[in-house]
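**Student:** Below are the structure tokens for one structure; questions will follow.
Residue numbers (the working numbering): 11 to 727.
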């Protein structure tokens, strides 16, 4: 449809009276107050949309025509919605920057904004059945979409009037003047375009339009209805007599009124339960109302998220999870609803400075720029978050952060936290960026020292870094095939499988707080070969053990006779074929542990330019030591036929200090006393018959010491 044209007129600035008129959008299916900043008890008048407007809309219900697919700007949280109206299958809205939006069914163009209206400053909007009405900031009305009944021909009385608000019904439209007068156009057969005398003579502050009927609300809070009364919608119920109403809404065939004490009164068709208003909890009050095709919805003090009752055929009674926590509005269309929330939107995400490769480096400061938000001014704070194995922790605040060694391997996120007060809080994050260590300035190329012979040891040398480190990794290769990673010494023993191959080494340097650096691969060695034959020694005679092989004696090695003479000869003594720890000299003192066991010695011969050689001596068996017994007897008393004799005994053996063991004293062949030797000494008293007695002292022996005995004659008086 082409736009409605009207005689040009000078643009008029809104009067103070116009500013007091509610600018909530009303159409044939709903009346919407976009914001309800105060409770009904404290502010019973219709609410000004600029006081507490929605910035993010959420739609649900039937989407056959795309009517729940809201424009991105209306979902973003970046723009404040000034007015919104939903028709049968389409919606239209204007934001506070006076930009116009349309969506949904576009059969007649009603679901999009015509080119000639793209730059129109918009004050108010209304959506009907397939058509839209817009009041521009030049105070002229435009109509587009399906426009039967001369809907696109606005009466001259309206063109000449000072319009402050528009409403759209099924096939008619209304205009509210700043003087409080109401005028209509479109289909006249229902009488919905012809206000009654009471409305003409009164002063109205709000209007709504349904299917063939209209509703108006006076400045005193009285409700008027007129038009087709087939379903009873054109007759205000007596229950509203002498009651002050603060909001009105018109659906397909029913209407709603919200009283100043927070009660909803409905009239018209209840075929689908649109008038079955649910009871509220004690102390709760309704704050907003809206009406659709066979259903109604509202919000209350305790439940700002819309409650819906009546027809649920199109899914309107199953609202989605709220897209915000600060619901401030609800508006109904023919078969869908839109709820508005006051929340912040992110206009641009925060940014951070990174190092080459898009990473952070420990020790290098990071500088952040805050995100931007809408639709209002916010207070911003910066927060630095570390993510380690999906565990998030706060590590800093402000716009600058310097990663530490503890951050290496984790990722960092900069977050802008925003607080707006009335529009709540929000945040925006940068992507997660990995923290890596500092960078080495340089690493030198390694060199391989040593001969490339099978069995020889190669060493990686000449590796230095800036800054210096002592931690390296050495990966060895033969003709480019990995062989092994060597330890900190950087050594590699050439294997038989390396024959004919060239050896290289790749060196990595590590340092706490630094990222690993790789050196250039070393130059390759010559091809690996077997080592040249090395001459050895000719042993003319083996080493020989001299000395008596007995516990307590020292044995000596006579050096082997060798050609040529070795530069160095070392020894290792063995007991029963097992090396004796620490016995590496040419002398060895046999001890108790050697008794009864064999000893031999191995000589190792070394010399420059020759292979080491070994030569083993013959073995000897170590005998026990022979102890020496010294003792004396002294009579100490006499009693009858016997005398008491004190016997003192001392036993020693070479190489065995502090002898122990059992000592037996016999008188002739009779045992008269058994004593325990301690540190080679023992004494005791025995009773012997008077006369000459043969006394024998017998030592039982111990480890490494043979048994022994000594006898003498003792005279007992």
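Ideal Cβ positions, reconstructed from N, Cα and C, are used throughout, including at glycine.
Since this is a predicted model, take the numbers as computed values, not measurements.
(1) Take residue 76 as the anchor and find which of 525, 674, 298, 117 has the nearest alpha-carbon.
(2) Could you check the C-alpha separation between residue 712 and residue 725 for me, to the nearest Å?
(3) Looking at the unbroken alpha helix (DSSP H) that takes in residue 127, where does it start and where does it end?
(4) In chain order, which continuous runs of the alpha helix (DSSP H) of length 4 or greater are located wholly inside the stretch 475-508?
(5) Relative to the alpha-carbon of residue 68, which residue among 388, 337, 533 has its alpha-carbon at the smallest distance?
(6) Got a sec? Which residues, its chain only, sit under 6 Å from residue 98 by beta carbon, not counting five neighbours each side?
(7) Exposed or buried, which one is residue 482 when buried takes at least 16 other CB atoms within 10 Å?
(8) Residues in its own chain within less than 8 Å of residue 382 by CB, not counting five upstream and five downstream?
(9) Given a cut-off of 9 Å on the beta-carbon distance, is the pair residue 315 and residue 259 in contact?
(10) Would you say the stretch 704-724 touches the stretch 631-642, given that touching needs at least three Cβ pairs under 8 Å?
(11) For residue 207, name the three-state secondary structure that DSSP assigns.
(12) When we look at the beta-carbon of residue 404 and count the other beta-carbons within 10 Å, is it buried (16 or more) or exposed?
(13) For the 8 Å Cβ check, are there 3 or more pairs between the stretch 269-282 and the stretch 191-198?
(14) Given a cut-off of 9 Å on the beta-carbon distance, is the pair residue 531 and residue 502 in contact?
(15) Just verifying my parser: in three-state terms, what is the DSSP assignment at residue 82?
(16) My guess is that residue 451 and residue 476 are in contact by the Cβ rule of under 8 Å, so how many angstroms apart are they, rounded?
(17) Alpha carbon to alpha carbon, how far is residue 32 from residue 214?
(18) Can you tell me where the beta strand (DSSP E) with residue 659 in it begins and where it stops?
(19) Check this for me: beta carbons of residue 187 and residue 171, under 9 Å apart or not?
(20) In three-state DSSP terms, what is residue 341?
(21) So what does DSSP say about residue 39, is it helix, strand or coil?
(22) According to DSSP, simplified to helix, strand and coil, what is residue 59?
(23) Just verifying my parser: in three-state terms, what is the DSSP assignment at residue 728?
(24) Within this structure, are the beta carbons of residue 123 and residue 110 separated by less than 9 Å?
(25) Would you tell me roughly how many angstroms separate the C-alpha atoms of residue 71 and residue 329, rounded to the nearest one?
(26) State yes or no: is the C-beta of residue 185 within less than 9 Å of the C-beta of residue 210?
(27) Nearest-angstrom Cα distance between residue 542 and residue 419?
(28) Do you know offhand how far residue 440's Cα is from residue 350's?
(29) Between the stretch 425-443 and the stretch 504-524, are three or more C-beta pairs nearer than 8 Å?
(30) What is the residue span of the alpha helix (DSSP H) that residue 170 lies within?
(31) Cβ atoms of residue 190 and residue 212: under 9 Å apart, would you say?
(32) With distance defined between alpha-carbon atoms, name the residue in 582, 499, 417 nearest to residue 524.
(33) Under a Cβ-count criterion, where at least 16 other Cβ atoms within 10 Å of its own Cβ denotes burial, should residue 573 be classed as buried or exposed?
(34) Would you mind working out which of 710, 291, 100 sits nearest residue 73, comparing C-alpha positions?
(35) Who are the Cβ neighbours of residue 326 in its own chain at under 6 Å, not counting the five residues just before and after it?
(36) Going by beta carbon distance, what residues of the same chain come within less than 6 Å of residue 549, once the five residues before and after it are set aside?
**Tutor:** With the given structure in hand:
(1) 117
(2) 32 Å
(3) Where residue 127 is concerned, there is no enclosing alpha helix (DSSP H), given that its DSSP letter is neither H nor E.
(4) none
(5) 337
(6) 139, 344
(7) buried
(8) 356, 357, 358
(9) no
(10) yes
(11) helix
(12) exposed
(13) no
(14) no
(15) helix
(16) 4 Å
(17) Confidence in residue 32 is poor, its pLDDT being 27 and thus under 50, which makes the residue's placement unreliable; the coordinate value appears in the next sentence. Straight-line Cα distance between these residues: approximately 10 Å.
(18) 652-662
(19) yes
(20) strand
(21) Any answer about residue 39 is weak, because its pLDDT of 35 lies below 50 and its placement is not dependable; what the coordinates show is given next. If DSSP states are grouped into helix, strand and coil, residue 39 belongs with coil.
(22) For residue 59, the predicted model reports a pLDDT of 30, less than 50, meaning its position is unreliable and no value from the coordinates is stated.
(23) The shown model of the chain, from 11 to 727, leaves out residue 728, and the question about it has no answer.
(24) yes
(25) 8 Å
(26) no
(27) 51 Å
(28) 28 Å
(29) no
(30) 166-170
(31) yes
(32) 417
(33) exposed
(34) 100
(35) 71, 305, 318, 347
(36) 570, 572, 625
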